[in-house]
Each structure stands twice: as structure tokens, then as C-alpha cells.
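Below is one structure, written out as C-alpha cells, with a few remarks after it.
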Amino acid sequence: MFTRIISISVKEFRQIFRDKRSLLIIFLLPVSLLALFGYAISIDVENIKLGVFDKDNSETSRKYLSSLDASAYFTITDHIRNDNEVNELLNNGKIYAAIVIPDNFEKEIQSDKNVMIQYIVDGVDASTAGIVQNYLLAVTYQFNSKIVTEELSRKGIKSVTPLNAEMQFWYNKDLDSTLFFIPGLIAMILIIITVILTSISLVREKEFSTIEQIRISPVSSLQLILGKITPYLILSLFIAASILLMGGILFGVEVKGSYMDLFIGTVCYLLATLSMGVFISTIAESQQVAFQISQLISQLPTIIFSGFIFPIESMPYFIQLLSNITPSKYFIIILRNILIKGTELSVYIDQIYFLLIFSAIFIFISAIRIKREQMT
């Protein structure tokens, strides 16, 4: 049995290294996708372009604007002269937000009056607009606190804050969104590559009629599947290692947990994705069809249902149930626990069980389909 599996694996290795397209997919595509998506996908908002309409033009208003410009999040790019210019800059996308400081700003502050500052924020992207709003409010509250402290000090009154809150962020202390997305990127890249490669592999045998030689040989359907999967499992482990290495170099990704647990989780995930590819190869009759089905089954569910970008907990209950169809969901949980949290195997052992069940189901179905084809 093992001799037959090894023979099929050796044959598949030779076929892989003869196919230049497969080599490009294996060695070039993973790192390219990681770099491309890693730099592109981020919810961090920086260098927000601001337009300022300072109607007061006083020392206090200039101090307030300096506190905004000193922030790492804002850059004052335009000094506006009238209301029409505010609309023009926002419509043209030259600024993301406009700040209107009213007349008598300094005078009313010194008179202990409540002064209103107007923020006009581009609300096309609701998520980004909400983040910008929070940044603006935070800077304003900080400046407001400074004014209150100075005023109380001038009157000889000691400023006392009765309640202070100390915020600590566990695991991802810098709140780097890229670090959160990297596990999802790794899962997406691996599932796309493994499913495509394995699905095309068996279909290629059909197109070149070499599958007939295999059918008349004393090789069982299970041996054929294992022989086909083994080379891609080894190569995929190499791909996973290279992606993780590049993730560390480009984005500072570190393995906080156990390397052995990471290896076990990755092997289980690759078995699940490779078994999906084998299943696709049993229902597709051409490489083009196999490629299209592979893209549909691997890429879309990973992006939508895996928790890679959209939190599963915020989805409707039916969609949450539907998310269980993709192995990426389980692997992303494993990766985030190992790479970001550094937790033990017992925390995510259920995800590994799900991946093994997923693999067994697809291998079983694929073996039955291949056996039926051999009998017809």
C-alpha cells in the first residue's frame, strides 16, 4: 500500500516540477499575495487631511489647531476662507474633514461660555468617518481639559480628577490591524493555492487520458488520493513556512505560542483544503472548470464567512451556521491563538477536530466517486 502511494507521489512531484505554471503558483504567488494584501488591508486611519476655517484667528484658536496638527492622525492641508470653499474641498476629496472655528472663539472661552466647534466629516465610508470622529473628539477633549486646568490654576484652585481609568490592551498592545488580518491572509492564500493545485492535478490526468493507466493498475481510490495529496502537503508546508517568514520580515509577525501546535494545526488545515481540491477534481471535466470552481469554493467563503474581515458574531444566525462550511474559519482561530495570543492547544483543540472531520468527509466522498468512475 505505502509503496503504491509513494510511487504516485513521486510521479506527481515530477509532474509539478515539469509544469512552470505550477512552480510560479507555488513559489511566487504566496509571498506576492501576502505583501499585496498585507499592505492594502488595514483599518488604521492615519494622515487624515483636514481643512480649517478659522473665523476667530486668535491665539487660542491657533493653539487648538496646533494640537490637531501635532497629532499623528491629522494633517492640516488647507486653510479655508469661506463656506463655499468648504463644500468644494469636501466634494473634490481634497480633505476628509473640515473644522469651522466660530467668531469670538477666544473671547467666549475666557468668558466661561460654552463654545461650539463644527466638524464636517466625509461620511461616505461610515467606518472611517466614525474613527475620524473619535479622533477629533479625543483631541478636543484633551485641549478642553488643558484649558480647564489652566483656568483653575489661574484662580488658585487645584484641579482634581476624581476618577482615572487605566486602559491596557492585551495581546495586540499597539492595536495594529495588520497583525489581526495576517492570520486570515495566511489561511486565504493557502486554501486558494492548495485547492487549485490539487483540483487541476487529477483533472489533468483525465484530459491527457493518463487516468486510464491508473484505473487499470492495482491502485485503490484511497491510495490514489493519498498519493496525490502527499506532494502538495509537503509543498504547502514549505509555502506556509515561507509566508510566515515573510510575515515576520514585512509585518513583524511573531509566533507567541508553540511551533509544534502551529505545525499540527497547519497540517490539519492543509489536509482539509487538499481534500476539497480532490473532491473538485472528481466533478470537473476540464482544468478550466476545475480552476473556476476552486476559486468560487475557496476564495469567496474565506473572505465572507471565515471571520477574516467580517466578525462572525455580528452576522445573522443563519449566516453563522453557514460559516461552518469553510475550513478557513477554524484555521484562522488557531492562527490567532498561536500567533497573537500564544495560548495552549487545549484552547483551540476543537478547531483541529473540526478540520480532521472536514478532511475525512471530503476524502471519503472523493474516494467513492473515483471508485464509481473506475467501475464505469
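Going by our numbering, the letters in the sequence shown line up with residues 777 to 1152, in that order.
Where is the CB? At the ideal position from N, CA and C, for every residue including glycine.
In the DSSP assignment, D879 falls outside any beta strand (DSSP E), carrying neither H nor E. Under DSSP, K825 forms a beta bridge with T851.
Under the three-state reduction of DSSP output, I1110 falls in the helix class.
Within the same chain, T1102, S1104, K1105, I1108 come within 6 Å of S1082 by CB-CB distance, once the 5 residues on both sides are set aside.
With fewer than three CB-CB distances shorter than 8 Å, the stretch 833-842 does not count as touching the stretch 781-799. Checking the DSSP bridge columns, you'll see Y1129 has no partner listed.
Between the alpha carbons of D830 and N860 lies a distance of about 14 Å.
In the same chain as Y872, and ignoring 5 residues on each side of it, the C-beta atoms closer than 6 Å to its own belong to I824, K825, D898, in chain order. Looking at the backbone, the Cα of K870 and that of I907 are separated by about 18 Å. Straight through space, the alpha carbons of L1020 and V1031 are spaced by roughly 9 Å. A straight-line Cα-Cα distance of about 8 Å links L973 and Y1008. Rounded to whole angstroms, A874 and S1090 show a C-alpha spacing of 32 Å. Just measuring C-alpha positions, the residue of N863, T904, I1133, I802 sitting nearest Y849 is T904. For Y895, the enclosing beta strand (DSSP E) starts and ends at 894-897. Contact between A963 and T1078 is confirmed by a C-beta separation of about 6 Å, below the 8 Å threshold.
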